[in-house]
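Take any residue in the sequence shown, note its place counting from 1, add 719, and you have its number in the working numbering. Don't be surprised by glycine CBs; every beta carbon is placed ideally from N, CA and C. Keep in mind it's a predicted model, so treat the numbers as computed, not measured. What follows is a short report on a single structure.
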Amino acid sequence: MTATGTRVLVLNSGSSSLKYQLLDMAGPQSDGGPAAGRLAVGLVERIGEETSRLVHTPLAAGGDKRETEGPIADHEAALKAVAAELSADGLGLDSPQLAAIGHRVVHGGLRFTEPTVIDDAVLKEIERLVPVAPLHNPANITGIRTARALRPDLPQVAVFDTAFHTTMPEYAARYALDVATADAHRIRRYGFHGTSHAYVSRKTAALLGKDPSEVNVIVLHLGNGASASAVAGGRCVDTSMGLTPLEGLVMGTRSGDIDPAVTFHLKRVAGMSEDEVDVLLNKKSGLIGLCGDNDMREIRRRIDEGDERAALAFDIYIHRLKKYIGAYSAVLGRVDAVAFTAGVGENAAPVREAAVAGLEEMGMAVDASLNAVRSDEPRLISPEYARVAVAVVPTDEELEIAQQTYALVSA
Ligand code: AMP
720 MTATGTRVLV LNSGSSSLKY QLLDMAGPQS DGGPAAGRLA VGLVERIGEE
770 TSRLVHTPLA AGGDKRETEG PIADHEAALK AVAAELSADG LGLDSPQLAA
820 IGHRVVHGGL RFTEPTVIDD AVLKEIERLV PVAPLHNPAN ITGIRTARAL
870 RPDLPQVAVF DTAFHTTMPE YAARYALDVA TADAHRIRRY GFHGTSHAYV
920 SRKTAALLGK DPSEVNVIVL HLGNGASASA VAGGRCVDTS MGLTPLEGLV
970 MGTRSGDIDP AVTFHLKRVA GMSEDEVDVL LNKKSGLIGL CGDNDMREIR
1020 RRIDEGDERA ALAFDIYIHR LKKYIGAYSA VLGRVDAVAF TAGVGENAAP
1070 VREAAVAGLE EMGMAVDASL NAVRSDEPRL ISPEYARVAV AVVPTDEELE
1120 IAQQTYALVS A
């Protein structure tokens, strides 16, 4: 398949939202930093409500952010509204410059290990995965259907959050569950945030002046959702999220690792329903459950004022993070770099400092003045003497999706 245009529209469809970016993949600028090659970015939120909102920023036109409020009934209407905004800037979906649309798809199961051009059979397979990703795949499917209806002639590519983790060895991916039951229900560890882990581990190798095949990296993607991965020579060998994004690190609103017996206890002793337990663990736990706030800025502010609940929440968050750094050091054997990324990882210097504190014997340390630097660029924050590089590497999932999409359609 050879594309004529050089632009890629990246769509990330949530249950009631649609995030998008239009990127131009021509020239070296397409890998030159967070803002490079970006023609327009935007978001439609509260789809299906009376108060839907579209925020569109035409970066190429150097224009100001435009906001429109009013009911947008569904994803089809949302994408049409986005198309109209893009057309107003001369960047319409009918442009011959548009080479493809890249869709973020959360769950690709074991079948999708690579970005994949979407046809009817692929769409059917993504639908088949709905039972293992009931919160995410339906919205992604709606986005794909809508975009295909608008531009049936254009290649549409699915880029899967799980794909990067499909290289995990069986002993890391399989739970110690009865095999027949696990296999019958496709219960295993899939991992998520794969696009970010792939991008950041590659960027970290580049920061060290090495090829990804030469380095072992622990990636800590710390956003509102959070996950860690162990990447050996460019391949993921373990990751902290599992069948769903609930497992692993303490997150903004998710508990992360927990004794599964807690769920029976909540049902048997606290009389909670399945759905109530689900909401408790996914929406009301983690930092928000521990201290009432899930924004690390607010938590740090409260700690500075002497708030003990916020301090305990922070300590629990850091303790879990340290356990994963330790575990993945053992899994990898040799660690060349620890990379912090996403909202918390990129911005919260105290989290980075605390996560690495006391790990000098493992060759890990953070230099206070380097850690205090604010920048959008990948950077080292470890002192020169440290055996392991500690880095801040801003993630860019949209650019990664656009690059994978463009590589596929221009091959
Ligand atoms: P993400 O999911 O990657 O967008 O990350 C969102 C989270 O990043 C927020 O909930 C905050 O906890 C955190 N965050 C964003 N900006 C900052 C900042 N300047 N300092 C500390 N934490 C931040």
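In its own chain, which residues sit with a C-beta less than 6 Å from the C-beta of Pro834, not counting the 5 before and 5 after it? Walking along the sequence shown from the start, residue 834 turns up at place 115. Counting only Cβ-Cβ distances below 6 Å, and skipping sequence neighbours, we find Val876, Val878, Gln1123, Leu1127.
For Leu1099 and Pro1083, the rounded distance between their alpha carbons: Counted from its first residue, the sequence shown places residue 1083 at position 364. Counted from its first residue, the sequence shown places residue 1099 at position 380. Checking the sequence shown, residue 1083 turns out to be Met, not Pro. Cα to Cα, Met1083 sits roughly 12 Å from Leu1099.
Can you list, in chain order, the residues of its chain whose CB lies under 6 Å from that of Tyr1047, leaving out five sequence neighbours each side? Looking up residue 1047 in the sequence shown gives position 328. For Tyr1047, where only same-chain residues beyond five positions count, the Cβ hits under 6 Å are Ile937, Ala949.
Around the Cβ of Asp880, are there at least 16 other Cβ atoms within 10 angstroms (buried) or fewer (exposed)? In the sequence shown, counting from the first residue as 1, residue 880 sits at position 161. The residue in question, Asp880, is buried, as its Cβ has 16 or more Cβ neighbours within 10 Å.
Beta carbon of Ala818 nearer than 8 Å to that of Val727: Numbered from its first residue, the sequence shown carries residue 818 at position 99. Numbered from its first residue, the sequence shown carries residue 727 at position 8. With contacts defined as CB atoms closer than 8 Å, Ala818 and Val727 qualify as a contacting pair.
In chain order, what are the residues with a CB under 5 Å from some non-hydrogen atom of ligand 1? Gly942, Asn943, Asp1014, Met1015, Arg1016, Ala1061, Gly1062, Val1063, Asn1066, Ala1067
Entirely within the segment 769–825 and at least 4 residues each: give me those alpha helix (DSSP H) ranges in chain order. 794–807
Alpha-carbon spacing of Gly828 relative to Pro1113, whole angstroms: Residue mapping note: residue 828 aligns to position 109 of the sequence shown, counting from 1. Residue mapping note: residue 1113 aligns to position 394 of the sequence shown, counting from 1. One C-alpha to the other measures close to 27 Å.
Those residues which DSSP pairs with Asp743 across a bridge: To locate residue 743, count along the sequence shown from 1; it is residue 24. In the DSSP output, where bridge partners are listed per residue, Asp743 has Arg726.
If you compare alpha carbons, which of Pro777, Ala802, Asp1023 is closest to Leu758? Along the sequence shown, read from residue 1 onward, the residue named residue 758 stands at position 39. Comparing Cα positions, the closest option is Pro777.
I'd like to check one pair, Ala745 with Thr723: are the Cβ atoms closer than 8 Å? Here residue 723 corresponds to residue number 4 of the sequence shown, with the count starting at 1. Here residue 745 corresponds to residue number 26 of the sequence shown, with the count starting at 1. Ala745 is positioned such that its CB atom lies no closer than 8 Å to that of Thr723.
Kindly provide the ranges of any alpha helix (DSSP H) runs that are 4 or more residues long and lie completely inside the segment 1006–1078, ordered along the chain. 1015–1023, 1027–1051, 1061–1066, 1068–1075
Please identify the residue among Val774, Gly990, Tyr739, Ile906 whose C-alpha is closest to the C-alpha of Ala895. Stepping through the sequence shown from its first residue, residue 895 is reached at position 176. The option with the nearest alpha carbon to Ala895 is Ile906.
Does the separation of the CB atoms of Gly1005 and Arg1028 fall below 8 Å? Position 286 of the sequence shown holds residue 1005. Position 309 of the sequence shown holds residue 1028. No, the Cβ-Cβ distance between Gly1005 and Arg1028 is not below 8 Å.
Does the beta-carbon distance from Gly862 to Leu968 come in below 8 Å? Indexing the sequence shown from 1 puts residue 862 at position 143. Indexing the sequence shown from 1 puts residue 968 at position 249. Not closer than 8 Å, so no.
Span separating the alpha-carbon of Arg867 from that of Tyr890: In the sequence shown, residue 867 corresponds to position 148, counting from 1. In the sequence shown, residue 890 corresponds to position 171, counting from 1. C-alpha separation (whole angstroms): 39 Å.
Let's see if you can read the secondary structure: which residues bound the beta strand (DSSP E) around Glu764? Reading the sequence shown from its first residue, position 45 is the one you call residue 764. Glu764 -> beta strand (DSSP E) spans 757–764.
Does any residue of chain C have a CB that is nearer than 8 Å to the CB of Val876? Within the model displayed, chain C is absent; a lone protein chain is all it includes.
On the premise that Thr923 lies in contact with Pro1058, defined as a C-beta separation below 8 Å, what is that separation, rounded to the nearest angstrom? Start at 1 with the first residue of the sequence shown, and residue 1058 comes out as number 339. Start at 1 with the first residue of the sequence shown, and residue 923 comes out as number 204. Checking the displayed sequence, the identity of residue 1058 turns out to be Ala instead of Pro. Going by Cβ atoms, the distance from Ala1058 to Thr923 rounds to 4 Å, so yes, they are a contact pair.
Below 6 Å CB to CB, which residues in the same chain sit around Val1070 once its five sequence neighbours on both sides are set aside? Counting from one through the sequence shown, the residue named residue 1070 turns up at place 351. Contacts found: Val1063.
Straight-line gap, Val934 to Ala1108 (C-alpha atoms, nearest Å): For the purposes of this step, residue 934 is identified with residue 215 of the sequence shown, where counting begins at 1. For the purposes of this step, residue 1108 is identified with residue 389 of the sequence shown, where counting begins at 1. Going by the C-alpha atoms only, they are around 11 Å apart.
With a cut-off of 8 Å, do at least 3 Cβ pairs link the segment 1037–1045 to the segment 903–918? no
Would the segment 790–804 and the segment 766–773 be scored as touching if the rule is three or more Cβ pairs under 8 Å? yes
Measuring only the C-alpha atoms, how far is Leu926 from Ile1007? Taking the sequence shown and counting its residues from 1, the one referred to as residue 926 is at position 207. Taking the sequence shown and counting its residues from 1, the one referred to as residue 1007 is at position 288. When rounded, the distance between both Cα atoms is 34 Å.
To the nearest angstrom, report how far apart Ser932 and Ser920 are at their CA atoms. As a working note, residue 932 is residue 213 in the sequence shown. As a working note, residue 920 is residue 201 in the sequence shown. Their backbone Cα atoms lie some 10 Å apart in a straight line.
May I have the straight-line CA-CA distance separating Met1081 from Ala882, to the nearest angstrom? Here the question's residue 1081 lines up with position 362 in the sequence shown. Here the question's residue 882 lines up with position 163 in the sequence shown. C-alpha separation (whole angstroms): 30 Å.
Closest to Met1015 by C-alpha separation, out of Ala951, Ser1101, Phe1033, would be which residue? As a working mapping, residue 1015 is identified with position 296 in the sequence shown. Ranking Ala951, Ser1101, Phe1033 by Cα distance to Met1015 puts Phe1033 first.
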